[in-house]
Each structure stands twice: as structure tokens, then as C-alpha cells.
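So the structure is just underneath, and the comments pick up after that.
Protein chains: 4
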Amino acid sequence: MNALVDINCDMGESFGAWALGNDEALMPWIHSANIACGFHAGDPGVMARTVSLALKHGIQIGAHPGLPDIQGFGRREMSISPQEAYDMTLYQIGALDAIVRAKGGILQHVKPHGALYNLSARQAEIAKALAQAVCDADPSLILYGLSGSISVKIAAEMGLAVKHEVFADRTYQSNGALTPRSHPKALISHPEEMMAQAEDLLLRQQVCSVDGEWIVVRADTICVHGDGPHALQFAKMLYERFALA
Amino acid sequence: MNALVDINCDMGESFGAWALGNDEALMPWIHSANIACGFHAGDPGVMARTVSLALKHGIQIGAHPGLPDIQGFGRREMSISPQEAYDMTLYQIGALDAIVRAKGGILQHVKPHGALYNLSARQAEIAKALAQAVCDADPSLILYGLSGSISVKIAAEMGLAVKHEVFADRTYQSNGALTPRSHPKALISHPEEMMAQAEDLLLRQQVCSVDGEWIVVRADTICVHGDGPHALQFAKMLYERFALA
Amino acid sequence: MNALVDINCDMGESFGAWALGNDEALMPWIHSANIACGFHAGDPGVMARTVSLALKHGIQIGAHPGLPDIQGFGRREMSISPQEAYDMTLYQIGALDAIVRAKGGILQHVKPHGALYNLSARQAEIAKALAQAVCDADPSLILYGLSGSISVKIAAEMGLAVKHEVFADRTYQSNGALTPRSHPKALISHPEEMMAQAEDLLLRQQVCSVDGEWIVVRADTICVHGDGPHALQFAKMLYERFALA
Amino acid sequence: MNALVDINCDMGESFGAWALGNDEALMPWIHSANIACGFHAGDPGVMARTVSLALKHGIQIGAHPGLPDIQGFGRREMSISPQEAYDMTLYQIGALDAIVRAKGGILQHVKPHGALYNLSARQAEIAKALAQAVCDADPSLILYGLSGSISVKIAAEMGLAVKHEVFADRTYQSNGALTPRSHPKALISHPEEMMAQAEDLLLRQQVCSVDGEWIVVRADTICVHGDGPHALQFAKMLYERFALA
């Protein structure tokens with residue numbers, strides 16, 4: 070029997086002398102690795118080592134392009150033009166793709182990082198530019214984007230395969246958007262609560278918003294944040310519950 | 070009748086708000102453009118515009134990877150490991166290649182920039198790592214390197230096509246190496262003198278060293294530095310003398 | 070007789086191999102140089118040379134701190150926190166101040182650059198953080214900010230000396246804000262028109278908005294953008310009309 | 070009774086989202102903190118937090134300037150000119166000094182980092198440029214440099230106060246230089262062996278080289294590397310043995 074869901078995780082977010090995340094330990098419990106491409110994290114050496122690790126574990130590899138902001142880890146929104154979004158996305162996909170192909174692998178998907186992810190989920194022009202870059206890099210790539218957002222809608226209209234992404238460690242607003250991190254109830258940090266929300270999302274394609282309203286959410290892939298304190302425990306629980314059988 | 074030689078020029082070396090070079094004016098007078106890949110110059114937008122320009126003029130496109138040193142324009146030697154040389158070269162080739170392919174072009178060659186060029190002409194381990202990265206990116210790529218250096222020798226042994234590069238605006242030492250820029254006679258700045266050396270190099274495959282000794286030099290491609298005061302004039306003279314007929 | 074106004078110009082905006090602006094030619098026609106501090110332009114060597122030039126011409130020196138965005142020249146707005154604004158401003162002032170003091174000069178003022186200037190003119194929390202950084206660096210520094218904006222208001226309330234800055238090459242909206250660059254009538258590019266607006270601003274402390282409404286504007290200092298095609302001509306006209314006599 | 074020695078530690082080497090070192094735990098066991106200044110590690114926010122921590126613990130604060138190489142953590146040697154060394158050192162000292170003064174502290178010393186430290190210990194022109202930058206920033210600053218090297222000799226001749234630095238976790242060659250990291254016996258990793266070498270260095274001003282020869286070494290300050298696995302244990306042992314009583 071197939072897995073019920075794709076479990077994805079952001080990886081390769083070390084940089085130079087600085088280590089981040091727990092990539093090796095998480096690999097057995099995920100299906101898809103989104104690998105940072107050097108603009109917000111991940112220098113060329115980190116990228117190469119992370120690609121090797123993913124190939125060793127037989128995991129699907131995706132590019133995880135970000136804004137050019139090492140100091141801010143790609144999390145600070147910048148007022149970029151659609152052309153800039155297109156150019157930086159194509160550049161980063163190409164860089165990772167060369168590394169993946171050199172090791173005999175195949176790039177499967179693209180998931181934008183942090184502020185670029187959020188911008189593309191909210192601004193149609195950025196979403197369009199980003200999807201076009203993915204398309205121009207390779208029309209068989211899958212775009213991962215926030216479930217229900219214009220990011221995936223526009224990419225699908227353009228003919229790209231897409232995966233609607235959901236989160237078990239973030240709460241939702243009644244309009245389907247994630248609750249901003251500044252909100253006191255933005256984060257779900259207890260593994261049991263994460264699992265409960267994961268079950269709602271993956272088995273019933275719905276979630277209870279912070280306002281107590283049940284909303285419908287399409288869930289093709291679920292994100293495990295590798296840097297949380299319970300990341301490994303949650304990834305294992307998720308994998309054993311939904312990805313085996 | 071074919072051109073007697075390949076005229077190449079480093080291009081796309083602007084960055085952000087800063088313009089450098091005279092790419093558009095030079096394009097009609099060269100055959101191959103070595104396009105900076107973001108590490109020493111050339112942000113993703115500059116790269117895209119330069120690729121478009123080269124395609125419009127029907128010029129061969131090469132990647133021009135450099136050391137990660139925007140402030141030093143990739144000219145300051147750094148003590149990098151062969152692994153770092155491999156990783157940064159593969160990364161930069163991939164980034165440019167994606168842009169070229171997205172515009173319907175094909176990447177033809179790779180010419181390392183500045184200090185990376187010099188390191189690969191002098192250190193066998195760096196030369197090997199660099200050639201391996203070119204090979205792993207695409208074994209049909211041509212490596213441009215300093216004529217007679219280990220850079221081209223090692224690449225050729227590895228099975229890569231190579232082009233031995235010569236310079237009309239730099240003097241040579243009796244051992245075939247370029248005279249270091251710190252030497253008072255390192256540079257040839259008068260177009261007539263450049264043309265005389267170009268004729269020696271291209272027609273007779275020889276050059277008179279700073280010590281007055283004639284040495285044999287293989288000349289597959291000749292470099293036009295786009296930022297010199299006489300760059301355009303020299304490129305035209307060179308083109309009309311050697312590339313037409 | 071004293072000059073009627075302070076003429077300021079952004080300077081030292083070269084970086085590494087890239088030259089920008091026409092600092093040396095402009096120096097005789099201005100009173101205050103705002104020198105880039107390395108985050109959006111101006112590496113340490115450029116800063117040192119620009120400070121020397123300003124001291125040679127007897128011009129007042131100001132720090133011109135920007136967002137950490139070399140590729141975007143500090144012009145792309147970023148969602149920074151007030152703490153980040155404080156820290157990056159203090160850092161950049163300190164770096165320039167050490168260079169100025171080493172050459173026997175005294176830092177006179179601080180004028181934020183580009184997106185940091187705009188953020189501080191619009192967001193009270195950023196304005197406060199920036200003014201606090203100036204204050205903590207040296208309470209005798211003068212803050213230059215957009216005339217009438219919260220940037221100068223907050224700084225003045227904090228006890229800092231301020232200069233309300235006006236522009237002759239930008240149009241104003243009826244609310245006193247600059248017309249955004251995206252607006253077709255945002256820029257004034259003809260020197261005669263610039264001079265006409267400069268006279269309104271400097272002699273009558275008023276300006277005619279793009280909507281045809283006359284508004285009152287306090288003008289303590291006027292900016293000359295060094296990179297415009299008529300920069301030198303305009304600076305001379307301005308200087309001869311208002312700074313001599 | 071005074072401490073027999075100054076114990077120093079490199080600190081503030083986190084960057085953006087990446088944490089490095091164990092600054093808070095180590096603070097009670099050292100006298101002097103060398104704080105990274107943004108070029109190899111330590112963004113403005115990290116610098117501010119580290120300065121606050123050092124002031125809270127009553128520890129002396131030094132600037133720890135490095136080469137402009139975030140990706141390589143300032144450890145890759147670069148062929149910089151003396152002028153570049155001067156400019157980058159003065160810039161970084163100024164940036165940290167402004168932060169220290171804003172918090173009511175006083176900068177005590179400067180210790181160059183990594184490759185800049187090694188270059189200044191070996192190349193007289195770099196040593197001179199660096200000492201001049203320290204001098205021009207503030208002639209009362211103390212320069213920390215490799216014991217017996219030209220770095221401290223040149224600085225002392227220039228009139229600067231200096232501290233000859235020794236290492237308990239690195240072996241020495243018979244000429245007084247540190248054994249290069251590439252050598253199999255370069256590192257001393259067991260705390261007991263470190264303490265034995267520390268006693269030789271601090272009590273007897275001598276050390277046994279990797280070749281078995283006893284050499285004389287002046288020891289004004291001893292470095293604790295904060296990132297080693299036994300860093301905290303060693304710092305405590307060192308402090309209790311030499312800094313109390």
C-alpha cells in the first residue's frame with residue numbers, strides 16, 4: 070500500500086562553519102527534502118553533502134530557493150520585483166540541479182523558502198514569476214506551495230504539477246492562511262497536538278482554525294520543520310502513522 | 070573560410086546598481102562570451118540580460134565561475150580546498166546553464182575567472198577539481214584555460230575538450246606563464262603592440278617573452294579584456310584581421 | 070554672508086571593482102557628504118578614500134547607513150525589526166566614525182539611505198530606533214531626514230539636532246510625501262525645472278505638489294543626487310545661486 | 070593577589086539564524102572576550118548581545134576583526150594588500166567600539182581572527198598595517214598576537230601595548246610557530262594534556278615542541294577556544310588553577 074501523504078522537510082540549512090538542523094537523523098522519516106540553494110542558507114559544499122545524504126536515503130530532492138539574505142535567513146520580506154523573483158529562482162534551481170545530476174539523481178520539486186514562500190502565496194505577480202521560473206527550468210518539476218494559495222493555483226493553471234502543503238505545527242486562520250508568527254497562538258509545539266492536527270489535515274482534509282471554525286484544506290504534502298525541539302519525534306510519529314502500512 | 074581563432078571576452082560583470090564593461094558594443098566583435106555567475110560579479114538579473122544579449126548576437130556562451138568574493142571581484146587568491154573549488158564551480162555552471170537553457174540556448178564552455186583561473190593554472194589539485202566539476206556538469210563542455218598550463222593539460226587528460234587561451238594585452242615570461250601584474254612590464258596597453266603580439270600568437274604560435282626569448286605558445290582562443298580603455302578598438306582590429314576573410 | 074542652505078550629496082557609493090558617482094567633481098559644489106558605510110555600497114577602502122576627499126575639500130561628513138543589501142543597493146524595503154534597525158545603524162556609524170577620526174576629522178551627521186530612509190520616514194518604531202542609535206553613537210550628531218516626516222520629528226523630540234531635507238529632482242504629493250518613483254511624474258530631470266523647485270523650496274519654503282496644490286515645506290538641507298545625468302550642472306547652479314554671495 | 074594570566078576567548082561568533090559557541094557558560098571563567106565584528110561572523114545584533122553579556126560579567130572587551138569571508142569563517146587566507154588589511158581592521162574596530170560605548174563600556178584590545186591573525190603573524194607589511202589601524206583607532210588599545218611573532222613585535226615598536234598569546238590546545242614547532250592544522254599532531258584535545266602545556270607556558274614560559282625541543286615562549290594571555298568539546302571544562306580548570314588564589 071502506498072503512503073497516504075508526502076512528508077517533506079527543509080534541509081541543508083547549514084552554512085560555512087555553522088550547523089543547523091538534524092538532517093541525517095530525519096532522513097529515514099521523510100519522503101522529500103527541500104534543499105537550500107545558497108541565498109538564505111546552504112553553501113555549495115553543504116548543498117553537495119545534503120544531496121548525497123538524500124540520495125543515500127532514497128529521498129526525493131527539491132530545490133528550496135530563498136531571498137538573497139544570509140543574515141536574515143531569508144525570512145525578512147523584501148520588496149522584490151517579479152523579474153527579480155524569476156531570476157533568483159531560476160538561478161538557484163539551476164545550481165542545485167547541476168549538483169543533483171552530477172551525483173546521478175533527478176530534481177523532483179521546488180519549494181520556495183520563508184519570505185519568498187510567503188510572498189508567492191500572497192502576491193499573484195510573484196507567484197506567476199516563480200512558477201514561470203520553475204517551468205522554464207524544467208516543466209516536469211512539481212511546485213510545492215501553501216495549500217489553497219495563489220502560489221499553487223497559478224502554477225497549476227500554467228500546467229505545472231503542484232502539491233498543496235499543510236503544516237501540523239502552525240495554526241490556521243478561518244480564511245485558510247497560516248496564523249502569523251506574531252500571534253500568540255501561531256505555533257503548535259506539543260507533538261500530540263501536532264499529530265491531532267495532522268490527522269485532521271491528512272485524513273479528513275480539514276482543520277479547526279484559531280477562531281474555532283472548521284475549514285477545508287487540501288493536503289498533498291505535510292511539512293516537518295527540522296529545527297523544532299520535537300522535530301525528530303514528530304517526524305517518526307507522522308511517518309509511522311501515515312507513511313507506512 | 071573559417072575564422073582563424075576564437076575571440077573570447079569576459080562579460081556580465083556588472084552587479085546590482087553597478088555597471089561594468091561595454092558588453093553590447095563588444096558583442097559584434099567576439100565569438101565567445103564568458104559570463105560571470107554571481108560569485109565575483111553578475112547577479113541573476115545581470116546574468117539573464119547578458120545571456121539574452123549573447124543569444125541575440127549569436128555568440129557562444131560560457132560560464133565564468135569565480136571565487137566567492139564580490140568585494141574583491143574574485144581577484145584575491147584564497148586558500149580554498151579542491152573540494153571547495155569543485156563545489157563552487159559546479160554550482161555556478163548549473164546556475165548559468167539553467168538561465169541559458171531557459172532562453173533556448175546551449176552552454177558551450179567554462180572559463181574560470183581571476184584568482185580561480187590562476188589557481189587552476191598553477192595548482193594541480195585545483196585544476197583537477199575544476200575539470201571534474203566541468204565534466205560532471207556536462208562532459209561536452211569545453212574548458213578554456215591558460216595556454217600550456219596544467220589547467221588545460223589535466224582537463225584534456227580527463228577527456229574534456231579544451232582551448233588554450235592567449236593574451237595580447239599581457240606579456241609572457243620565458244617559462245610560458247604570464248608576467249605578474251605587479252611587474253612594470255606586465256601589461257601591453259597600446260593597440261598596435263597588442264596587434265603585433267596577437268599576430269605572433271595566432272599566426273606563428275609563438276611570443277617574445279619579457280626576457281627577450283621566443284617561446285612556443287598554443288593559441289586556440291584569444292582573450293579581449295572588456296574593461297580596458299582600448300578594448301573596443303582592439304576587438305574590432307582583431308576581429309577584422311583574424312575572424313573575417 | 071552665510072550660505073542660505075546646506076547642499077548634501079550621497080557619496081562613496083562605489084564598491085570593490087565598481088565605480089559609481091562623480092564624487093571628486095561634485096565636492097566643490099556641496100557642503101555635506103553622506104558617505105555609504107558598507108551595507109548597501111562602500112567597502113572599507115572606498116569609505117577611506119571618500120573621507121579623505123571630503124576632508125581635502127573641507128566638506129562636512131555624515132554617515133549614510135543602509136540596509137544589508139549590496140545586490141539591491143539598499144533600495145529594496147525589507148521587513149526589519151526596530152532592534153535590527155538600531156543595531157545596523159549604530160554599527161555603520163561606528164565604522165565610518167573610526168575612519169573619520171583616524172584621519173583627524175569629525176563626523177557631523179547621519180542620513181539613512183534608500184529603503185532605510187523611507188522606512189524611517191514612515192514607520193515610527195523604525196524612526197525611533199534609528200534616532201536612538203544616532204543618539205547612542207554621539208548625541209551631538211545631526212540627523213538628516215525627509216522634511217516634515219516622523220523621522221525628523223521623533224529625532225527632535227529625543228533631543229537630536231535635525232535637518233529637514235528637500236529634493237529638487239523629485240515631485241511632492243499634497244500630503245508632503247515624495248511622489249513614489251513608480252509614478253510617471255515622480256522625477257524632475259531638467260536642470261531648469263529643478264532650479265525652479267529649489268527656489269520655491271529654499272527661498273519660500275513651499276512647493277507645488279503634483280496635484281497642483283501649494284504646500285509648506287521646511288528646507289534645512291537640499292539633496293543633490295550624484296548619479297543623475299545633470300548632477301554636476303545642477304550642483305553648480307545650486308551652489309552659485311544659494312551657497313555663495 | 071592578582072591573576073597570573075589573562076584568559077581570553079573568541080566570542081560572538083554566531084550569525085543570523087546560526088548559533089555557535091557557548092558564550093554565556095564560558096563568561097565566568099575568562100577575563101577577556103574577543104568579539105567578532107561582522108566580517109567572518111557576528112552580525113550587528115549578535116555583537117550587541119555579546120557586548121551586553123561581557124559587560125554583565127565584567128569581562129574586558131576586545132574587537133576580533135576578520136577577513137571578509139562569512140562562508141569561510143575568516144579561516145581561508147586571502148591575498149589582501151596592506152591597505153586592505155588596514156581599512157578592514159579600522160572599520161571593524163570602529164563598528165564594535167560604537168556598540169561598546171553605547172552600552173557604557175570601553176574597548177580594551179584587538180585580536181585579529183583566523184587567517185588575518187596568521188597573516189599578521191607572518192607578513193610584516195600586514196602586521197604593520199594592522200597595528201597602524203589599531204593605533205589610529207585608539208592608541209591605548211592593546212594588541213593581542215601570536216607570542217613571539219612579528220605581529221606583536223611590530224605593534225610594540227609602534228608604541229602599542231601588546232599581549233603575547235599562547236595556546237594550550239595547539240602544539241608548537243621548534244621555531245615557535247604553531248604546528249599547522251594539517252599536521253597530525255597539531256591539536257591537543259585532552260584537557261589534562263592542555264593543562265600540562267598551560268602550566269609549562271604560564272608558570273615556566275616554555276613549551277616542548279612537536280620535535281621534542283624545549284623552547285622559550287612569552288605568555289601574557291592564553292586562548293580558550295570556545296567551540297572545542299572540552300572548552301568549558303578546560304576553561305574552568307584553567308581559571309581555578311591560574312586566575313584565582
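Line order of the protein sequences matches chains A, B, C and D.
Heads up, the first sequence is in my numbering, so the first residue is 70 and it goes up one at a time.
Heads up, the second sequence is in my numbering, so the first residue is 70 and it goes up one at a time.
Heads up, the third sequence is in my numbering, so the first residue is 70 and it goes up one at a time.
Heads up, the fourth sequence is in my numbering, so the first residue is 70 and it goes up one at a time.
Positions of the beta carbon are idealized from the N, C-alpha and C atoms, including for glycine.
Check	Outcome
Chain D contact residues for residue 153 (chain C), given Cβ-Cβ distances below 8 Å	113 and 114
Cross-strand partners of residue 101 (chain D) (DSSP beta bridge)	D:77 and D:129
Beta-carbon spacing of residue 231 (chain A), residue 211 (chain A) below 8 Å	yes
Beta-carbon proximity list for residue 257 (chain B), same chain, < 8 Å, skipping 5 on both sides	237, 238, 239, 240, 263 and 266
Candidates C:161, C:199 and C:185, of which the one nearest residue 116 (chain C) by Cα	C:161
At least 3 beta-carbon pairs within less than 8 Å: the segment 107-125 of chain C vs the segment 126-136 of chain B	no
Close-in-space but distant-in-sequence residues of the same chain around residue 112 (chain D) (CB under 7 Å, 5 per side omitted)	84 and 85
Selection of the segment 181-212 of chain A by Cβ proximity to chain C, strictly under 9 Å	184
Residue 171 (chain D) vs residue 167 (chain C) beta-carbon contact at 8 Å	no
Cβ-based neighbour list, residue 248 (chain C), same chain, cut-off 8 Å, excluding 5 preceding and 5 following	239, 240, 241, 242, 254, 255 and 279
Residue from A:147, A:109 and A:306 with nearest C-alpha to residue 184 (chain C)	A:147
Selected residue, minimal CA-CA separation from residue 295 (chain D), among D:88, D:109, D:92 and D:87	D:92
Near-chain C residues of the segment 83-106 of chain B - C-beta to any C-beta below 7 Å	84, 85, 86, 87 and 89
CA-to-CA distance, residue 213 (chain B) to residue 71 (chain B), given in whole angstroms	Residue placement at residue 71 (chain B) is flagged as unreliable, the pLDDT there being 46, under the threshold of 50; a coordinate-derived value is accordingly withheld.
Test: residue 71 (chain A) CB closer than 8 Å to a CB of chain D	Residue placement at residue 71 (chain A) cannot be trusted, given a pLDDT of 46 that sits under 50; the coordinates are not used to answer.
Per-residue contacts from residue 145 (chain C) into chain A (C-beta, under 7 Å)	147, 148 and 149
Nonlocal neighbours in the same chain, by C-beta distance under 6 Å from residue 221 (chain D), ignoring five residues either side	214, 231 and 233
Three-state secondary structure (DSSP) of residue 307 (chain C)	helix
Contact check, residue 99 (chain C) vs residue 293 (chain C), beta carbons under 8 Å	yes
Residue 137 (chain B) beta carbon less than 8 Å from that of residue 140 (chain D)	yes
Below-8 Å beta-carbon distance, residue 160 (chain C) vs any chain D residue	yes
Residue 206 (chain D), DSSP secondary structure in three states	helix
Beta carbon proximity, residue 166 (chain C) to chain D, threshold 8 Å	yes
Neighbourhood of residue 180 (chain A) by C-beta, 6 Å cutoff - its chain only, sequence neighbours within 5 removed	103, 131, 133 and 213
Residue from A:88, A:101, A:80 and A:298 whose Cα sits closest to the Cα of residue 308 (chain A)	A:101
Cβ neighbour criterion (16 or more within 10 Å) applied to residue 193 (chain D)	exposed
Test: residue 131 (chain D) CB closer than 8 Å to a CB of chain C	no
CA-to-CA distance, residue 291 (chain B) to residue 75 (chain B), given in whole angstroms	6 Å
Where residue 140 (chain C) meets chain A, residues with beta-carbon distance less than 8 Å	137
Simplified DSSP assignment, three categories, for residue 145 (chain D)	coil
Same chain, Cβ closer than 6 Å to residue 189 (chain C), five either side skipped, listed in chain order	181, 195, 196, 199 and 220
Within the segment 155-233 of chain B, ranges of the alpha helix (DSSP H) (whole runs, at least 4 residues)	183-191, 193-206 and 219-226
Three-state secondary structure assigned by DSSP to residue 239 (chain D)	strand
N-terminal and C-terminal residue of the beta strand (DSSP E) that residue 275 (chain C) is part of	275-277
Interface partners of residue 81 (chain A) on chain B, CB under 9 Å	Those within 9 Å of residue 81 (chain A) in chain B number zero; the least Cβ separation is about 12 Å.
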